[in-house]
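S.K.:
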Amino acid sequence: MRNPLRSLVCGIAAVLVVTLTPAGTAQAAAWSSSDRWGTWSNGGYIVRNNVWGSGYGPQSIWADSYSSWGVWANHPNTGGVKSYPHVGRTIGRRLSTVRSLTSDFTVSRPNAGSYATAYDIWVNGHDYEIMLWMNKQGAVGPIGSRQTTATVGGHTWDVYRGSNGSNAVFSFVRTSNTNSGSVDVLAVMNWIRNRGWYGDVTINDVQFGFEITSSAGGMNFLTNSYSVSSS
């Protein structure tokens, strides 16, 4: 059984991120949480701790803003995704009405453990899930079978198509890892539509974060900058 007190202590130690003000004094993050489902709204975005898998360990999240946040996670070295801490923004528009949808990011991440830094884009409610893997570490892989290699949205990807049993999943796995960049999300979504894999769908949420399978011993995952722009 998970020990709530131990998790709380670990979380407090992890999320007391210190920054220096111009006067040289230290201050804690604007928000932090050790709750599995901790959420924080900021600037039209929502930051979520989102420890949703089974067999998880302690995880704590902190944020100064939607574009500056981090996670300390200590998940055991076992199979299966434990969590997807992320920041999300709701779009809520039909694909055909969107003229531009882009995103920029910069992250710092551990060189051990098993995880992916990925966008998770929800379409038509939860009918379709689009994952854009910007980097990966350890024994992780996408759902489904490889379809092709495509250069679209500013990156070159191995493209996978499958199902998690609840919804269709399209995974775009970058052919080389990157910790920063810009993504033309609309171009990727139109590429999928042009393949006939869906029609004029509704874009619900654009999420970005760390899909963590294992981080034994405790590891830090940082989002240094992030934004989504649409018109």
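Letter by letter, the sequence shown follows residues -28 to -1, 1 to 203 of mature numbering (1 follows the signal peptide of the UniProt record, and there is no 0). In this text, a Cβ means the ideal position worked out from N, Cα and C, and glycines have one as well. Keep in mind the model is a prediction, meaning the values are calculated, not measured.
H58 and S187 look like a contact to me (Cβ under 8 Å); what is the Cβ gap, rounded to whole Å?
M.R.: About 15 Å; that fails the 8 Å criterion.
S.K.: If you check the beta carbons only, do W129 and A140 fall under 8 Å apart?
M.R.: no
S.K.: Over the uninterrupted beta strand (DSSP E) stretch that includes G162, give me the two end residues.
M.R.: Reading off the sequence shown, one finds Asn at residue 162, where the question assumed Gly. Here N162 belongs to no beta strand (DSSP E); instead the alpha helix (DSSP H) covers 157 to 166.
S.K.: Among R8, G29, A1, S6, which one has its Cα closest to the Cα of G190?
M.R.: Just measuring C-alpha positions, the residue of R8, G29, A1, S6 sitting nearest G190 is G29.
S.K.: How many whole angstroms separate the CB atoms of F77 and S152, which I take to be in contact at a CB cut-off of 8 Å?
M.R.: 6 Å
S.K.: Hey, quick one: how far does the beta strand (DSSP E) through N192 stretch, first residue to last?
M.R.: 191 to 202
S.K.: Report the rounded CA-to-CA distance for W3 versus N21, giving the unit in angstroms.
M.R.: W3 and N21: Cα-Cα distance of roughly 12 Å.
S.K.: Which of helix, strand or coil does DSSP assign to S4?
M.R.: strand
S.K.: Measure the beta-carbon distance from Y91 to V173 and round it to whole angstroms, keeping in mind my assumption that it falls under 8 Å.
M.R.: Not really, about 16 Å apart at Cβ, beyond 8 Å.
S.K.: Is the separation between the beta-carbon of V19 and that of W41 shorter than 8 Å?
M.R.: yes
S.K.: Under three-state DSSP, which class holds S68?
M.R.: It is helical.
S.K.: Measure the alpha-carbon distance for N166 versus S135 and round it to whole angstroms.
M.R.: 19 Å
S.K.: Are T74 and S201 closer than 8 Å when you measure CB to CB?
M.R.: yes
S.K.: Per DSSP, S55 forms a beta bridge with which residues?
M.R.: I184
S.K.: When we look at the beta-carbon of E183 and count the other beta-carbons within 10 Å, is it buried (16 or more) or exposed?
M.R.: buried
S.K.: Going straight from the alpha carbon of T185 to that of A84, what length do you get?
M.R.: 11 Å
S.K.: Does S80 come out as helix, strand or coil in the three-state DSSP assignment?
M.R.: strand
S.K.: Along the chain, where does the beta strand (DSSP E) that runs through T50 open and close?
M.R.: Segment: none, T50 is in no beta strand (DSSP E) and carries neither H nor E.
S.K.: Starting from the C-beta of G97, find all residues in its chain whose C-beta is less than 7 Å away, skip the five residues before and the five after it, and write them out in chain order.
M.R.: N176
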